Structures are given as C-alpha cells and as structure tokens.
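Line by line, the protein sequences are chains A and B.
Residues in the first sequence are numbered consecutively from 1, following full-length UniProt numbering.
Residues in the second sequence are numbered consecutively from 1, following full-length UniProt numbering.
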Amino acid sequence: MKFVKHARSAVVGAVALLTALALAACGGGANGGTAAGGPQGSGTPKAGGTLVSGLYLEPLALDPHRQGYWETYRVSSNVFEGLVKEDLSDPKGPTKLLPALATDWKASDGGKKWTFTLRGGVKFHDGSDFTAESVDKNVRRISDPAYEFYDKTSAARLAAWFGDLVKGRVVDDHTYEFEFSKPFLGFPRILAQSMSTLTIGNPATWEKYGNDGFADHPSGTGPYTFVSRTIGDRIVLKRNPNYWGPKPYLDELVFRVIPNNQTRLATLLSGEADIISYVQPEDVSTLESRGFQVPEGHGAAFLYFTFNFKNKAFQDKRVRQAVIQGIDRDRLAKEVYNGNAIPLHSLEPPGNEAYDPDARDFDYDPEAAKALLKEAGYGEGGLSFTIVADVANQNLAEWLQSRLKGIGVNVKVVTLDRPSYVARAFGKPEPDDGLSIDEYGGSYAEWLYQVYYTNIAVKGLVPADFPEITKALDKARYATDQDKRIELWKEADKKAREGAIAIPAVSLTRYYALGPNVRGFVYAATNWYDLTKVWLAG
Amino acid sequence: MGTVKHILWRSLNIVPVLLVVSALTFLVGRLTPGDPIEAQFARDHTPEQVEAIRASYGLTLPLWQQYVKWVKDLFTAGGGMSIVQNQPVFDILLPNFANTLILTAAGVVICAVLGVVIGVVAGTNHRGFLDRFAMLFVQTGSNLSVYWFGLILIWIFSLRLGWLPASGMESRNGGGFGDLLAHLVLPGLSAALISTLVLARFTRLGIIQESQSDYVRTFASQGVPRRRLVAKHIGRNILPAVVNIIGLEIGTLITGVIFVESVFNWPGIGTQLVNAVNGKDYPLIQGGVILVALCYLLVNLLTDITVDALNPRLRR
Chain A
1 MKFVKHARSA VVGAVALLTA LALAACGGGA NGGTAAGGPQ GSGTPKAGGT
51 LVSGLYLEPL ALDPHRQGYW ETYRVSSNVF EGLVKEDLSD PKGPTKLLPA
101 LATDWKASDG GKKWTFTLRG GVKFHDGSDF TAESVDKNVR RISDPAYEFY
151 DKTSAARLAA WFGDLVKGRV VDDHTYEFEF SKPFLGFPRI LAQSMSTLTI
201 GNPATWEKYG NDGFADHPSG TGPYTFVSRT IGDRIVLKRN PNYWGPKPYL
251 DELVFRVIPN NQTRLATLLS GEADIISYVQ PEDVSTLESR GFQVPEGHGA
301 AFLYFTFNFK NKAFQDKRVR QAVIQGIDRD RLAKEVYNGN AIPLHSLEPP
351 GNEAYDPDAR DFDYDPEAAK ALLKEAGYGE GGLSFTIVAD VANQNLAEWL
401 QSRLKGIGVN VKVVTLDRPS YVARAFGKPE PDDGLSIDEY GGSYAEWLYQ
451 VYYTNIAVKG LVPADFPEIT KALDKARYAT DQDKRIELWK EADKKAREGA
501 IAIPAVSLTR YYALGPNVRG FVYAATNWYD LTKVWLAG
Chain B
1 MGTVKHILWR SLNIVPVLLV VSALTFLVGR LTPGDPIEAQ FARDHTPEQV
51 EAIRASYGLT LPLWQQYVKW VKDLFTAGGG MSIVQNQPVF DILLPNFANT
101 LILTAAGVVI CAVLGVVIGV VAGTNHRGFL DRFAMLFVQT GSNLSVYWFG
151 LILIWIFSLR LGWLPASGME SRNGGGFGDL LAHLVLPGLS AALISTLVLA
201 RFTRLGIIQE SQSDYVRTFA SQGVPRRRLV AKHIGRNILP AVVNIIGLEI
251 GTLITGVIFV ESVFNWPGIG TQLVNAVNGK DYPLIQGGVI LVALCYLLVN
301 LLTDITVDAL NPRLRR
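Next up, the structure:
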C-alpha cells in the first residue's frame, strides 16, 4: 500500500520535472540571476580573496623545463620565473622585455656570449637563495649529460633554442654567462617565453624528488607558491609572503580545468569562476549583456593554414597563390568569428616583435585565382583536395570549403580528434590532403623560423627548394647587429609571403571573459596574463 | 559449500578477462593513429626532436617489451608514468575514482528508485492514463542525448533559476555534505536518465506479464486485494529480474558517467580519461580502462550472487 503511494508521489515529482523542462524550453529572454556589471572604473585596489580561473584544458606537468601549452604557463608563471619577462601590462605589443630574475643583460662576441646580472636577495619557495649556482643547475639539467640530474626529455624539448649552447658559466655569485656556437640576438626574448625555454626551477627540489618528482612539488621564485593539484580537477596556489617583487593582491589562485566550452561558460555565468579562457566568439554578446567583461585585445597567436607539399598540386606556387587569393579573410573574420578576429596577411602575428600591420601577401581576388589555376592546368572543377582539421575547427573548415567552391575548387572536409589530426597533418597525410588548420604563434620574431622548420617543413616543404626564404631566415636567426634584427625578420617574412608557403588567417580579439567584479586584468599582447595586479571588487 | 565454490570460481574468471582487456586496450592505443609525443610536440619541434623525446619515454622499444613493462608497472609502479603529466597513473586516477563512484552511486539510487516507481505505476495502471503518460515520458527520454540533457539541466536549474551549481563537486568556499548533495543532483539525474528508463520499462513489462499469469488470476478471484497482490506476490516474483537489470545498468552507468562528468565538470576519472584520450596518454588511458573494467566485472559478480540469493529456484 505504502509502496504504491510513494510511487505516486515520485511520479508527481517526475511530472513536475517534465513540466519545468517544457516551461523552460518555451521561456525566452534572459535577465536572470547574474549581477549587472558595476562601474568599470579601476577604484582602489583591495587585497585579499580567492580568484577562480576556468582553464579550457588540463595544464601539463608543472615543471619549468617540461611545460607545454599556454594554459600550463598561465598557471606556472605564478610559480616559476625566468631571467627576463615580458611587460604584461601592455595590451598592444610588442611587449617590452623587463628584468625578472636578471636585472641586466648584455651580449658580446657578436651575440654569441650573453652575460646576465642576477637579482640579489631572491629566495626560492623553500627559503633557499637564488644564485648563479641555481641558474647553472637549471642549465645543466637541460644540457649536460654529465650532471646527475640531467633530464633527457627536458633537453630534447629545449633543443630548439639551446641546441647551439656551448656552455653556461658561473662568473660570480650573481653573474652568469651563456656561450653559443652561433650568434643568438633573440636570446633574451626567448628566455621570456613559456615553452622550450629556461624558466628557473628550484634545483633543491629535483635533487630531493628526482626529475620525475619535480612536478609533484613545483618550486620556484614566483609570487605564488604551490598548494595542491588534482589532475582533472584543480590546481591551488597561495600568495608567496616572501616574494621579491610587488606583492600580489589575491591570497589564493584556484585554476579549475573545465574543457567543455558550455560548462566553462556556465561556470562563469553562475559565479563559480571569475575568469575563463578561450571564450567562444558566439558567446561574447551573451556575456556582455549580462554585465560580464570580455576585454578586447589580441594575444601573439593566430590561426593559419598550411599546405601539404607532398600533394603534387601544391608544389606549384601558382596553385598555392590561387588558394590564398580565393579566400576572403575579412569575410572569414566576420562570418566565422562574429567579427571578433583580425584578418592576417603575414606569418608574424599581432603581438609579435616583427609584426607589420601593413604586410600583405596576396589580396582576395577570385578572378585572378581562377586564371592562375587555369594556367597551372586546373580548369573549373579541376582541382580537388581535402582539408584536414581538428574537430574544434570544423566550422572554419566548412566555411573554407564553401568559399573555395567560388574559384572552382572542390574541397572535402575531414575533421578528427586532436591526436588523429596531428598524426595525419604532421605525420602521414593522405595523397589528396591539401590544407590543414593550426593555431599557434608567439611574441618572439624567431617564431617565423620555428613555424617554417616545424609546421611547414614537416608537411613536405623542402627548405632547399626555397633558397631565398631559407637564406633570409638564417640571416635573421644568426644576425649580429641588434639594431637590424627585427628588420631582418621582416625581410624574411616578406620572402615567406612571396613564396606563398602558408596562409595566415586570423587572430582572435576576444579570448578571456571576467566576472563583473574582477579588476586590474589586462589582456596582454602575448599568450598569458599577469594575475598579480588583479583584485576583486565588492 | 557449493555456493562458496561457485563464487570463487566466478571470481577467478575475472583474471583472464582482465588480461584480454589489458591486451586490447594496449593494442587499440598503439594501432590507431597518433601518439602522445607527436600530439604534444609536433607543432613546435622538428621530426628529429620529436623522435628524441619519444625515445626518452621508451616509446621506441618493440611493442611486446612495452606491454610487458606496462603490466609489470601495473603491479609495481602505480600503473606506470603518465606521459603527459609525469606522475604515476594510479596517483592521478585513484583520488578521482572515489568521486566517480560517488556520482555512480547517486545515479544508481536515482535509477533504482525512479525506475521501479515509474515501472510499477505504469504496470499497475496498464493502458490507463498514467501508463500512457509514463510511457510517453520513457519514449521521449530514451531518445535524449545525455550530453544535451545535462546542458539543459544546467541552463534551467543553474543559470535561469539559480537553484543548483553548474559544475564541480564543491562550492567556492567549500561546504559539507549538503553542498555535495546539491552538486550531485543534476549530474546524478543526467547519469541515471537512460538506465532509469530501461529499468522502468522492464519493471512495467514484468508487472504486466505477471498480472496475466494464472496464480494472479486465482488470487484475484479469491478476493486478495490488488495492492497486496502487487506488493507481495508480483513484486516478489519480478524482484530478481529487477535486481539483475539494476546490476547491468550499474555497468552502463559507470561508462555513461564519463560523459556526464565532462558536461558537469565532475572531478572524476571520466574527465581525466577524456583529457587523456585527447593527449593520447597511453598509460593513463590503459590504467583508466583497467580500473573501469575491474569495477564492471566486480559489479556483475555481485549482481550474480545477489540474484542467485534472491531466486529460491536457484537455491539448492
């Protein structure tokens, strides 16, 4: 008897739920729950509080020499510092280089030797002193097989920039010298980067826990110290009371990993997070209408398309140029990204030291594109290829497909999960593959060298077939005159543009979203941010 | 004595099944395109540099050597080192596995209660209004995607009504048991959705079929009240089948929870496994699958034992 009675009340509950669903599905308009944005004036900064940041992917190991992905660095840059840092209060860029663990640096021997004066009175999180000896152990960990804590995987990760390192040398307690076999004028800028570079970790930690154990006990000199990490959930940091620099406002930083785009948005909207990364362009207006901040700016990253040079069609420059001319990048920025993107025409993106807003490769011109294709032997409908993309870029790939039809090119779209995408685009492309879509970039001019020898060359471009570009890149990479360095990179970029070796597409202008009460945040013109100046109002 | 022997025999069966699962997971990872090193490093390292990193993780050894090493690691080295996170796999998985079990348990409770209730109400009102209404609900619900259902729940109850949290398992400032329950409601409902409806359908069918059997007709003709009939006789007869379905559905729930976790950002192994798959982190994926498979097998074993105990016809 009771049984059935209970059953009845549960059914009533279920019906109520259903009704709620139906009602909610019909209801429109949105003025629910969330607080309206307060006055956006800066006000007087207030210390204290916890900031919750929603990351779009799981950060990698918190190890200064093994880290990858910007999301990792957005966390770890609060724990570890480099010798040099970028000015993260600059939303325009290129960011200036500022002293961090080094107060001063100078090149000698035509850029082969770099001498750094190290900051005094800096302590690691365990209280030990930061000295030239600490820098030396960091250098040996990534370069000296004779060192007990030499880390093979770190060495391989840093080989891109430290391959030419002959040796590092302790000059005195607070002076350290690097010697390269070739000139390396971009070195300080590289030292201020996040990945594949020499961020300074506490050597006592790897001496105690081993190289693999470091990430469990990350320790550096930064404004925040490590508290805990649960992979798949969160990382917690707390303010370092002994920090050498200006004291940060917030007591605690919590980084929650929320890969699902809708859930991350909901978490911000419901007030469970204060800042999220990688806002989807279609969500910008929802956020702003509810009083959330979506600062405008740009990082030093962009989307670009690379050719499969193993596909014979794309060995012909006319075909590559035609495809570039067949894509209207202004329209792409508007249609795929709701206008929240800057159309690009150069492989050095905004925020990069060698970015030139006036640089142009080939303007949109469908007629010229058709003519070029015809000249190359592909009449209307004669050229077919596949665009391979990560599932995250499906919209973009389909947009390209529809636009390229306009110049008589038949495109098939294949979207894959991340590892399969990388395996196909970077490893073994199918013969019909034509374009793949990537997103990357950096504030350092050397980025051009990196993208050429990794992203582009790995897809079949043979550097020897492009002697002009290759020579210009070498000239810039091994420049010996600091005043000419950026000019040389711009020159190399011009050669790359003329060669039509890749298609720069767009750089996003909305990336972070903040709760209504977050103050002091700057969308810096590089790929991470400074949380030490952020505070919570009200 | 016979029962103990029977249970022991069934438990032993788990070992070969796990071995097959381990070999399959290992092979599926290696034989599909992509590898963790390439996924992470190909875009900013030359192929030679990528190969050097790969070698530093022992991924250039012959496959059988890698497999043997991994099986050994399962017992001695915490499931081996995660390639992406540089931490022992079980150190990563186990703390969150408890969270997955909490969510699964909530799903099982919701599924068992709601499923039986809906089934009984529909079955006892066969062809009546409540039956039709319940079946409409079941039909519609079975065709919903769990992913979509979860997002709708978040939208209504977190964003519009502001009653329940949107994600995670604890509030910003922490909270006690009540806080945990509040976080459990929406993911629990999403996780239980499909299983609840399956169970409701079986329960309803069981009741309808039993109601038509001879003994029920005899009891009814002798004036046994309908409610007593359902509660005492029909219920008793369909119970083993219901428990069996619940047991099977727990398996479905454990795997389904993985999607639900990603929608609600529940910090369980589902979220971790989705990340691991995105980075193709072999040891982490393999360790996770083994853990889930082991649970599945244990639940099945327990279900079998319970069903045997509940069914007098199987007693000796």
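Just so it is clear, CB atoms sit at the ideal spot from N, CA and C, and this is done for glycine as well.
Since the structure is predicted, the reported quantities are computational estimates derived from the model, not experimental observations.
Item, Value
"Would Q139(B) count as contacting chain A if we go by Cβ distances under 9 Å?", "no"
"Compute the beta-carbon to beta-carbon distance between I246(B) and V120(B), rounded to the nearest angstrom, for a pair I have assumed lies under 8 Å.", "Not really, about 14 Å apart at Cβ, beyond 8 Å."
"Measure the CB-CB distance between A300(A) and G93(A) and report whether it falls below 9 Å.", "yes"
"Can you tell me whether V109(B) is buried or exposed? The criterion is at least 16 other CB atoms within 10 Å of its CB, across all chains shown.", "exposed"
"Is N261(A) helix, strand or coil when you go by DSSP?", "helix"
"Please list, in chain order, all residues of the same chain as L17(A) whose beta carbon is under 8 Å from its beta carbon, the five residues on each side excluded.", "Caution is warranted here: a pLDDT of 36 is assigned to L17(A), below 50, making its placement in the model unreliable, and the coordinate value is therefore given only provisionally. Contacts found: none."
"Against R43(B), what residues of chain A qualify as contacts under a CB-to-CB distance less than 8 Å, listed in chain order?", "V422, F426, D438, Y440, T454 and N455"
"The beta strand (DSSP E) spanning Y215(B) covers which residue range?", "Where Y215(B) is concerned, there is no enclosing beta strand (DSSP E), although the alpha helix (DSSP H) it sits in stretches over D214 to S221."
"For D109(A), which three-state DSSP category applies?", "helix"
"Compare the C-beta of N311(B) with all C-beta atoms of chain A and state if any pair is closer than 9 Å.", "no"
"Please confirm if Q280(A) has its CB atom under 9 Å from at least one CB of chain B.", "no"
"Below 7 Å CB to CB, which residues in the same chain sit around R54(B) once its five sequence neighbours on both sides are set aside?", "I37 and T60"
"Measure the C-alpha to C-alpha separation of R119(A) and A132(A) and round it to an integer number of angstroms.", "10 Å"
"Taking Cβ-Cβ distances shorter than 8 Å, what residues in chain A pair up with L253(B)?", "Under the 8 Å cutoff, chain A gives no residues; its nearest Cβ is about 19 Å from L253(B)."
"Could you pull out every residue in the same chain whose Cβ sits closer than 6 Å to the Cβ of S195(B), ignoring the five residues on either side in sequence?", "C111, E249, T252 and L253"
"Around the C-beta of E487(A), are 16 or more other C-beta atoms found within 10 angstroms, so that it is buried, or is it exposed?", "exposed"
"Q49(B) versus chain C: which residues are under 7 Å apart at the beta carbon?", "Absence of chain C from the displayed structure is noted, the protein chains being A and B."
"Tell me, please, whether the CB atom of S134(A) is closer than 9 Å to any CB atom in chain B?", "no"
"Could you check the C-alpha separation between Y147(A) and G68(A) for me, to the nearest Å?", "24 Å"
"Would the beta-carbon of S402(A) be found less than 8 Å away from any heavy atom of the ligand MN?", "The ligand content of the structure shown is nil, which means the ligand MN is not present either."
"Kindly indicate which three-state DSSP category Q85(B) falls into: helix, strand or coil?", "coil"
"For the region 201 to 214 of chain B, list every residue whose C-beta sits within 7 Å of some C-beta in chain A, in sequence order.", "none"
"Here's the rule: buried if 16 or more other CB atoms are within 10 angstroms of the residue's CB, otherwise exposed. What is H6(B)?", "exposed"
"Taking the alpha-carbon positions, what's the T46(B) to I83(B) distance?", "19 Å"
"I'd like the ranges of any alpha helix (DSSP H) spanning at least 4 consecutive residues and lying wholly in the region 360 to 433 of chain A.", "366 to 375, 394 to 405 and 418 to 422"
"Can you list, in chain order, the residues of the region 261 to 279 of chain B whose Cβ is nearer than 8 Å to any Cβ on chain A?", "S262, V263, F264, N265, P267, G268, I269, T271, Q272, V274, N275, V277, N278 and G279"
"Mind listing the chain A neighbours of A39(B)? Cutoff is C-beta to C-beta under 8 Å, in chain order.", "R418, P419, V422 and A423"
"Residues of the region 215 to 237 of chain A with a CB closer than 7 Å to any CB of chain B: list them in chain order, please.", "A215, D216, T230, I231, G232 and D233"
"Going by Cα to Cα distance, which pick from K238(A), F305(A) and W206(A) is closest to S154(A)?", "W206(A)"
"Is G79(B) close to chain A? Criterion is C-beta to C-beta, closer than 9 Å.", "no"
"From this set, V89(B), L301(B), L114(B) and S56(B), which residue's C-alpha is nearest T203(B)'s C-alpha?", "L114(B)"
"Just to make sure I have the definition right: I need the residues of chain B whose C-beta is within less than 7 Å of the C-beta of Q262(A). Which are they?", "L151"
"Given a threshold of 16 other Cβ atoms within 10 Å of its Cβ, counted over all protein chains shown, does K405(A) qualify as buried or as exposed?", "exposed"
"Assuming T509(A) and E296(A) form a contact by the criterion Cβ under 8 Å, report the distance between their Cβ atoms to the nearest whole angstrom.", "6 Å"
"Tell me, please, which residues DSSP counts as bridged to V506(A).", "L303(A) and P343(A)"
"List the residues of chain B that K152(A) touches, going by C-beta distances under 7 Å, in chain order.", "S56"
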